[in-house]
Amino acid sequence: MSDLNANETPKAASKKGYRTVVLLLLTVVYGFNFIDRQIVGILAPFIQADLGLTNTQLGLLIGLAFAAFYTIMGIPLAFLADRVNRVNLLAISLAVWSGFTALTGLSQNFLHIALARIGVGIGEAGGSPPSHSMISDFYGKEERSGALGVYSLGIPLGIMSAYFLTAALLGADATDVNWRRIFIILGITGLFLSLIVRLVIIEPQRGAVEITTHDTSPTVRFNDSFKSLAILLGFVVAFALLAQLLGASDTFLGTTLNWDVVTIFIILFGVCLAVMTRLSLRIPEVPKHIVKKEEALKVPFLIGVRTLLSIPSWWWMCLGIAFASFASYAISGFQTKYLLLLDPEFNFRTIVIWIGIINGTFYVAGTYFGARLVDWKAKTDIRAYGTIPAISILLCLPLAIATFAVPTVIAHLAIGAFLQLCLGVYLGPSFAIAQTLAPIRIRAMSTALFFFILNMIALGGGPTFAGAMIDVFGRAGNVELVATRYAMFTTFAAYGLSVMAYLIVRKTLPKDWAAAEARNSDAN
């Protein structure tokens, strides 16, 4: 525990360019979170067949076994993140969930894999709270939405990577896939990434950018960023080499890699990394760093929770993103199955690859440019943090209905691309509200409570509700394709609830934002 409480070093926070590398590294870590989360659903049929699981057991693995422990453990781990060295906590959490990811690939029965998924959930609960908190100490409130928008690119990049990994390991008949190797590769790579996190990131001063003072930033050396970026690129190369090493041996875990798909993935991932680097470097530097070390204030847990729940814009934002994600998680959970029902002859690998590309392009574009648009509009009207998400989610409703109403897979994917573009818009602004409105000393707790509300409603409720509605419409005499379509239409009503929540944020935010500025200024 003494290592966890290592002294904070504000010097790193004042290095122009260094914070960009930290932001990119945190984004990669966040992407690993979603690779693991998404790939379980993609590989569900293969896992179920190999371990002889019932549908109920499979549902527990995808939902409750992970989501319950992920959301519940997020609160105490965030409470810890507000008190200890966040870099160490993040590195340890990443190592824990990566180890359990590897153990998932060694599971022999339901109990083994259920315990592994619980371990992954506990580990991943310690990922976002310290990451959000550190980003808020590298970037001021004027640029925080953009920075957190870059960070949230880990979601589509992780989802894209999950689909490409699946496509790369599919056999010629799209049924011969070795799911165990995928989990083992991911687990080993995550352990390696945890070492990079520990060695590269230096703990920033808490609340450093909340105070306006003289510029203490040292002179920037151009090659500082390139040296650190080389570590990230080396990580990508190491990932590819590890995949080749494990995939080259038929005696290790079976299936041969599809290297055409692997090559496409590495190229696309490299392009995304380069774009992220260029765009995040454009986030304006705020020369406001303090050099005086302050003792962290210990905020009691219940007081912290009550403080957050007393801020109307904060919890209406949580409900807004939770309802939007409720429908989105339902789509993610049943999209592949729906497309196979829509056209059983359509090549499964092609479906998987295109869904991955859409998430890696359109969703990424919506996430980044949505955050930038809000940052720009908020300079003249702070209500943009509620207005722009409300508009984007309102557009999601007809797009989502059209996506599941069209008669072909191609049309579904084409309309779905624009749906993903709109779905990415609200992430950055929502993350920014969660951090900016929270008192400095409970920002990690704010992230944890934010994700608790989000995941209990969305991850826990969305796929479960959609699955139950499929059964309801199926018992009413509809074929499975039609029952799935009607269930999706019913689920999309959550988008309407989300729009109403963000419109309330638009109304309450000016007062709450001003109060947060005054409170955080006084706290320092």
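What the sequence shown shows, in our numbering, is residues 2 to 525, in sequence order.
Every residue, glycine too, gets a C-beta built ideally from N, C-alpha and C.
Proximity winner among the options, relative to residue i (alpha-carbon distances)
i	options	result
R84	R476, V407 and G305	G305
I203	S326, N89 and G334	N89
A68	L196, S326 and G122	G122
G208	G150, D138, L166 and A168	D138
G75	V506, N456, T492 and L424	N456
L26	V198, I505, G387 and G468	V198
A126	F451, T388, E518 and T105	F451
A519	S499, L438 and T492	L438
P157	S329, I471 and A494	S329
Y152	L61, K512 and P430	P430
N360	T491, G159 and G120	G159
F349	A169, I505, R373 and I322	A169
I394	R444, T381 and F327	F327
F541	N179, I322 and T509	As shown, the chain starts at 2 and ends at 525. That puts residue 541 outside it, with no answer to give.
A79	L341, S314 and R442	R442
P46	I114, A495, W180 and D376	W180
L149	W355, V375, S333 and G334	V375
I136	Q206, I43 and G461	Q206
L61	G468, A103 and Q436	G468
G387	S499, L91, T491 and R486	S499
L104	W355, G497, L192 and C423	L192
T368	L420, I332, L343 and L342	L420
L340	I43, G100 and F474	I43
T102	F35, R87, A517 and T491	F35
V365	F335, S333 and L422	L422
L196	V41, I93, S108 and F165	I93
F335	L65, M470 and R118	M470
Residue i, buried or exposed, once every other Cβ within 10 Å from all chains shown has been counted against 16
i	result
E481	exposed
F347	exposed
K142	buried
W514	buried
Q39	buried
L194	buried
R182	buried
G53	exposed
P345	exposed
N110	exposed
P301	exposed
T381	exposed
A401	buried
R444	buried
L303	exposed
T485	buried
L200	exposed
A331	buried
R507	buried
L424	buried
W98	buried
Expected contact under 8 Å - CB spacing of residue i and residue j to nearest Å
i	j	result
G32	G155	4 Å
D51	L187	Rounded, the Cβ-Cβ distance is 17 Å, inconsistent with contact.
A502	L320	5 Å
A81	V30	For the sequence presented, residue 81 should be read as Leu rather than Ala. Actually they do not touch by this definition, with Cβ atoms about 18 Å apart.
G371	V426	3 Å
V407	I352	Not really, about 15 Å apart at Cβ, beyond 8 Å.
F493	L398	6 Å
S447	L309	6 Å
A385	A379	5 Å
A435	W316	About 10 Å; that fails the 8 Å criterion.
Start-end ranges of the alpha helix (DSSP H) lying completely within the region 332–419, minimum 4 residues: For the alpha helix (DSSP H) assignment, the uninterrupted runs of no fewer than 4 residues enclosed by the region 332–419 are, from N- to C-terminal side, 349–379 and 385–404.
Which runs of the beta strand (DSSP E) fall wholly inside the region 12–81 and span at least 3 residues, in chain order? Along the region 12–81, the beta strand (DSSP E) does not occur as any fully enclosed run of 3 or more residues.
Can you check the region 129–173 for any alpha helix (DSSP H) of at least 4 residues that lies completely inside it and give the ranges in chain order? List check, alpha helix (DSSP H) in window: 129–139, 145–152 and 155–170.
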